[in-house]
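Each remark here refers to the structure printed beneath this line.
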Amino acid sequence: MEFPASTLCDSDWYSTCSNNMFSCGEITNVGYPFWGAARPEACGYPQLELTCEKNDTTIEILDVWYRVLEMNTRTKTLSIAREDFVNGICSPKFVSSSILESKVLDDSTLLQNLTFVYGCREDELPVQDYHSFTCPKYGLGYLVLANEGLNPCTDSVRLLIPSDSITDVKNSSTVEQTIKAGYDVKWNDSEACSACTRSNGVCGFDRTTNGPTCYSPNQSYGSKTCRSSPPAPPRVLPVPPPAVQLPQSQLE
(Lines of atoms letter the chains of each structure in order from A and count residues from 1; the text may use other names and numbers.)
(Lines give C-alpha, C1' and ligand atoms only; values in the text may rest on other atoms or scores of the structure.)
Protein backbone atom coordinates (compact mmCIF):
# COMPACT_ATOMS: atom_id res chain seq x y z
CA MET A 1 0.00 0.00 0.00
CA GLU A 2 1.38 3.41 -0.95
CA PHE A 3 0.97 6.35 1.42
CA PRO A 4 1.13 10.07 0.66
CA ALA A 5 4.44 11.68 1.51
CA SER A 6 4.86 14.06 4.43
CA THR A 7 6.31 17.48 3.71
CA LEU A 8 8.54 17.21 6.79
CA CYS A 9 11.82 17.27 4.84
CA ASP A 10 13.97 15.11 2.58
CA SER A 11 16.13 13.36 5.16
CA ASP A 12 16.37 9.79 6.29
CA TRP A 13 14.23 10.27 9.37
CA TYR A 14 13.86 6.53 9.85
CA SER A 15 17.59 6.19 10.48
CA THR A 16 17.82 9.45 12.42
CA CYS A 17 14.99 8.65 14.85
CA SER A 18 16.09 5.01 15.19
CA ASN A 19 19.69 5.79 16.05
CA ASN A 20 19.34 8.93 18.17
CA MET A 21 17.72 8.09 21.49
CA PHE A 22 17.65 10.46 24.46
CA SER A 23 19.95 9.52 27.34
CA CYS A 24 20.81 11.53 30.44
CA GLY A 25 22.08 10.13 33.72
CA GLU A 26 19.84 7.27 34.78
CA ILE A 27 17.23 8.07 32.10
CA THR A 28 18.49 6.20 29.04
CA ASN A 29 17.46 5.03 25.57
CA VAL A 30 14.26 7.10 25.36
CA GLY A 31 12.48 7.26 22.01
CA TYR A 32 9.07 8.33 20.71
CA PRO A 33 7.06 10.34 21.70
CA PHE A 34 9.96 12.25 23.29
CA TRP A 35 12.77 14.28 21.73
CA GLY A 36 15.57 16.52 22.91
CA ALA A 37 19.37 16.87 23.03
CA ALA A 38 20.75 14.82 20.09
CA ARG A 39 17.28 13.54 19.25
CA PRO A 40 15.67 15.90 16.66
CA GLU A 41 12.26 17.55 16.93
CA ALA A 42 10.85 15.42 14.11
CA CYS A 43 11.23 12.34 16.32
CA GLY A 44 8.70 13.34 19.01
CA TYR A 45 5.78 15.50 20.09
CA PRO A 46 6.52 19.25 20.35
CA GLN A 47 5.32 19.31 23.99
CA LEU A 48 7.52 16.39 25.06
CA GLU A 49 11.03 17.82 24.82
CA LEU A 50 13.49 16.40 27.35
CA THR A 51 16.50 18.40 28.47
CA CYS A 52 19.66 17.26 30.23
CA GLU A 53 21.73 19.24 32.69
CA LYS A 54 24.32 17.74 35.05
CA ASN A 55 22.87 14.27 34.43
CA ASP A 56 19.38 15.38 35.48
CA THR A 57 16.51 15.08 32.99
CA THR A 58 13.83 17.77 32.99
CA ILE A 59 10.64 18.41 31.06
CA GLU A 60 8.39 21.48 30.83
CA ILE A 61 4.65 20.81 31.20
CA LEU A 62 2.26 23.74 30.95
CA ASP A 63 4.92 26.31 31.96
CA VAL A 64 6.16 24.27 34.93
CA TRP A 65 9.55 22.52 34.93
CA TYR A 66 9.70 19.00 36.35
CA ARG A 67 12.60 16.68 37.05
CA VAL A 68 12.13 13.25 35.49
CA LEU A 69 12.93 10.72 38.21
CA GLU A 70 12.08 7.51 36.36
CA MET A 71 10.71 6.42 33.01
CA ASN A 72 9.04 3.12 32.14
CA THR A 73 8.58 2.62 28.40
CA ARG A 74 6.68 -0.63 28.94
CA THR A 75 3.90 0.99 30.97
CA LYS A 76 4.37 4.38 29.23
CA THR A 77 4.75 6.22 32.54
CA LEU A 78 7.24 8.69 33.90
CA SER A 79 7.74 9.80 37.48
CA ILE A 80 8.14 13.56 37.84
CA ALA A 81 8.76 16.06 40.65
CA ARG A 82 8.65 19.86 40.56
CA GLU A 83 12.14 21.11 39.78
CA ASP A 84 11.75 24.24 41.92
CA PHE A 85 10.82 22.16 45.00
CA VAL A 86 13.43 19.41 44.68
CA ASN A 87 15.89 21.25 46.92
CA GLY A 88 13.38 22.80 49.34
CA ILE A 89 10.26 24.93 49.58
CA CYS A 90 11.81 28.41 49.59
CA SER A 91 12.58 28.87 45.87
CA PRO A 92 9.17 28.44 44.25
CA LYS A 93 8.09 29.47 40.77
CA PHE A 94 4.59 30.80 41.30
CA VAL A 95 2.91 28.65 38.67
CA SER A 96 0.49 25.99 39.89
CA SER A 97 0.80 22.42 38.66
CA SER A 98 -1.83 21.00 36.36
CA ILE A 99 -1.49 17.82 34.31
CA LEU A 100 -5.19 17.42 33.56
CA GLU A 101 -5.06 20.16 30.92
CA SER A 102 -2.18 18.55 29.04
CA LYS A 103 -3.12 16.96 25.71
CA VAL A 104 -0.31 14.41 25.72
CA LEU A 105 0.01 13.42 29.39
CA ASP A 106 -2.52 11.98 31.86
CA ASP A 107 -2.46 11.47 35.61
CA SER A 108 -1.83 7.78 36.23
CA THR A 109 -2.43 8.05 39.99
CA LEU A 110 -5.04 9.79 42.11
CA LEU A 111 -3.71 13.20 43.07
CA GLN A 112 -4.57 15.89 45.59
CA ASN A 113 -3.61 19.53 45.94
CA LEU A 114 -0.93 20.71 48.33
CA THR A 115 -0.97 24.49 48.56
CA PHE A 116 1.94 26.66 49.74
CA VAL A 117 1.16 30.23 50.80
CA TYR A 118 3.96 32.79 51.16
CA GLY A 119 4.45 36.30 52.55
CA CYS A 120 2.00 36.14 55.47
CA ARG A 121 1.57 38.07 58.69
CA GLU A 122 1.05 36.22 61.96
CA ASP A 123 -2.63 37.18 62.03
CA GLU A 124 -3.14 35.76 58.53
CA LEU A 125 -2.24 32.18 59.47
CA PRO A 126 -5.11 29.65 59.57
CA VAL A 127 -6.50 28.57 62.91
CA GLN A 128 -5.91 24.84 62.38
CA ASP A 129 -4.74 22.10 60.00
CA TYR A 130 -1.72 23.89 58.65
CA HIS A 131 2.07 23.85 58.87
CA SER A 132 3.93 27.15 59.05
CA PHE A 133 7.43 27.85 57.77
CA THR A 134 9.75 30.80 57.18
CA CYS A 135 11.75 31.55 54.03
CA PRO A 136 14.54 34.17 53.80
CA LYS A 137 13.05 35.78 50.69
CA TYR A 138 9.30 35.29 51.21
CA GLY A 139 8.98 35.45 54.99
CA LEU A 140 6.29 33.60 56.90
CA GLY A 141 4.18 31.04 55.09
CA TYR A 142 2.06 27.96 55.56
CA LEU A 143 0.87 24.91 53.67
CA VAL A 144 -2.46 23.12 53.64
CA LEU A 145 -4.18 20.25 51.84
CA ALA A 146 -6.66 22.52 50.11
CA ASN A 147 -7.05 24.96 47.26
CA GLU A 148 -10.16 26.95 48.11
CA GLY A 149 -11.03 29.46 50.79
CA LEU A 150 -7.40 30.25 51.58
CA ASN A 151 -5.98 33.58 52.65
CA PRO A 152 -3.57 34.24 49.76
CA CYS A 153 -1.25 36.50 51.81
CA THR A 154 1.23 37.64 49.12
CA ASP A 155 1.76 34.60 46.87
CA SER A 156 0.67 31.00 46.66
CA VAL A 157 1.43 27.95 44.55
CA ARG A 158 -0.41 24.65 44.25
CA LEU A 159 1.41 21.35 43.85
CA LEU A 160 0.06 17.92 43.00
CA ILE A 161 0.89 14.93 45.20
CA PRO A 162 -0.47 11.35 45.43
CA SER A 163 -3.78 11.47 47.27
CA ASP A 164 -2.80 8.90 49.90
CA SER A 165 0.70 10.21 50.57
CA ILE A 166 0.01 12.87 53.20
CA THR A 167 -2.66 13.00 55.88
CA ASP A 168 -0.95 15.46 58.24
CA VAL A 169 0.81 18.51 56.78
CA LYS A 170 2.29 19.32 60.20
CA ASN A 171 4.88 16.59 59.63
CA SER A 172 7.31 18.66 57.56
CA SER A 173 9.76 15.83 56.87
CA THR A 174 6.96 13.71 55.36
CA VAL A 175 5.84 16.63 53.21
CA GLU A 176 9.34 17.23 51.82
CA GLN A 177 9.89 13.52 51.14
CA THR A 178 6.57 13.30 49.33
CA ILE A 179 7.33 16.29 47.10
CA LYS A 180 10.76 14.93 46.19
CA ALA A 181 9.32 11.47 45.45
CA GLY A 182 7.01 13.00 42.83
CA TYR A 183 4.18 11.16 41.11
CA ASP A 184 3.49 9.22 37.93
CA VAL A 185 2.00 10.49 34.70
CA LYS A 186 1.18 8.46 31.63
CA TRP A 187 1.87 9.53 28.06
CA ASN A 188 -0.57 8.93 25.24
CA ASP A 189 0.64 6.72 22.42
CA SER A 190 -1.76 6.32 19.51
CA GLU A 191 -2.71 2.87 18.25
CA ALA A 192 -1.66 3.98 14.78
CA CYS A 193 1.90 4.53 15.97
CA SER A 194 1.87 1.15 17.68
CA ALA A 195 0.90 -0.31 14.32
CA CYS A 196 3.76 1.63 12.73
CA THR A 197 6.22 0.02 15.14
CA ARG A 198 4.79 -3.45 14.50
CA SER A 199 5.39 -2.92 10.78
CA ASN A 200 9.08 -2.13 11.49
CA GLY A 201 8.53 1.59 11.10
CA VAL A 202 9.54 4.38 13.46
CA CYS A 203 7.09 7.00 14.69
CA GLY A 204 7.81 10.69 14.57
CA PHE A 205 5.92 13.96 14.38
CA ASP A 206 5.11 15.99 11.28
CA ARG A 207 4.85 19.66 12.23
CA THR A 208 3.37 20.51 8.84
CA THR A 209 0.31 18.33 9.40
CA ASN A 210 0.50 18.73 13.21
CA GLY A 211 0.22 15.01 13.79
CA PRO A 212 2.19 11.77 14.25
CA THR A 213 3.81 10.21 11.22
CA CYS A 214 5.45 6.88 10.38
CA TYR A 215 8.98 6.61 8.99
CA SER A 216 9.64 3.32 7.20
CA PRO A 217 13.06 1.83 6.33
CA ASN A 218 12.59 2.24 2.58
CA GLN A 219 11.64 5.88 2.35
CA SER A 220 13.18 9.17 3.35
CA TYR A 221 9.90 10.77 4.32
CA GLY A 222 7.01 10.07 6.62
CA SER A 223 3.58 8.75 5.85
CA LYS A 224 0.40 10.26 7.21
CA THR A 225 -0.87 6.86 8.35
CA CYS A 226 -0.12 7.59 12.00
CA ARG A 227 -2.20 10.71 12.17
CA SER A 228 -4.55 10.56 15.13
CA SER A 229 -4.47 14.05 16.62
CA PRO A 230 -6.96 16.81 15.77
CA PRO A 231 -6.23 18.55 12.49
CA ALA A 232 -4.05 21.61 12.53
CA PRO A 233 -5.77 25.02 12.59
CA PRO A 234 -6.69 26.16 9.10
CA ARG A 235 -4.02 28.20 7.39
CA VAL A 236 -4.87 31.66 6.17
CA LEU A 237 -4.21 31.65 2.43
CA PRO A 238 -3.58 34.82 0.44
CA VAL A 239 -6.62 36.19 -1.33
CA PRO A 240 -6.09 36.09 -5.13
CA PRO A 241 -6.33 39.45 -6.92
CA PRO A 242 -9.63 40.22 -8.64
CA ALA A 243 -9.95 39.09 -12.22
CA VAL A 244 -9.15 41.72 -14.83
CA GLN A 245 -11.97 42.34 -17.28
CA LEU A 246 -10.49 42.46 -20.79
CA PRO A 247 -11.95 44.80 -23.42
CA GLN A 248 -14.37 43.15 -25.78
CA SER A 249 -12.00 43.79 -28.71
CA GLN A 250 -9.34 41.54 -27.14
CA LEU A 251 -11.77 38.71 -26.62
CA GLU A 252 -12.70 38.40 -30.30
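The sequence shown begins at 49 in the working numbering and counts up by one.
In this text, a Cβ means the ideal position worked out from N, Cα and C, and glycines have one as well.
Worksheet entry | Cutoff 8 Å; reference Pro265; Cβ partners in own chain excluding five residues on either side | Tyr62, Asn248 and Gly249, listed in sequence order.
Worksheet item: Under a Cβ-count criterion, where at least 16 other Cβ atoms within 10 Å of its own Cβ denotes burial, should Gly230 be classed as buried or exposed?
Response: buried
Worksheet item: Helix, strand or coil for Val309 per DSSP?
Response: Residue coverage of the chain in this structure runs from 49 to 300, which leaves residue 309 outside it and unanswerable.
Worksheet item: Closest to Cys100 by CA distance: which of Ala90, Tyr93 and Thr76 is it?
Response: Thr76
Discussion item. Restricting to Cα atoms, I'd like to know which of Tyr263, Leu117, Arg255 and Tyr114 is closest to Ser242.
Written reply: Cα-wise, what sits closest to Ser242 is Tyr263.
Item to complete: Go ahead and label Pro140 buried or exposed: buried means 16 or more other beta carbons lie within 10 angstroms of its beta carbon, across all protein chains shown.
Response: buried
Item to complete: Could you spell out where the alpha helix (DSSP H) holding Arg246 opens and where it closes?
Response: Glu239 to Arg246
Worksheet item: Can Ala90 and Lys228 be called in contact, C-beta distance under 9 Å?
Response: no
Worksheet item: Alpha carbon to alpha carbon, how far is Thr202 from Ile107?
Response: 28 Å
Practice prompt. Whole angstroms is fine: what's the gap from Asp237's alpha carbon to Gly79's?
Written response: 12 Å
Practice prompt. Starting from Gln160, follow its DSSP beta bridges and name the residues at the other end.
Written response: Ile209
Worksheet item: For the region 67–147, which segments carrying the beta strand (DSSP E) assignment without a break, of at least 3 residues, lie completely within its bounds, in sequence order?
Response: 70–72, 75–78, 98–101, 104–109, 112–120 and 125–130
Practice prompt. Pull up the distance between the alpha-carbon of Thr64 and that of Asn258, whole angstroms please.
Written response: 20 Å
Worksheet item: So, helix, strand or coil for Tyr62, using DSSP?
Response: helix
Worksheet item: Going straight from the alpha carbon of Ser211 to that of Leu159, what length do you get?
Response: 5 Å
Worksheet item: So, helix, strand or coil for Lys228, using DSSP?
Response: Lys228 falls in the helix class under three-state DSSP.
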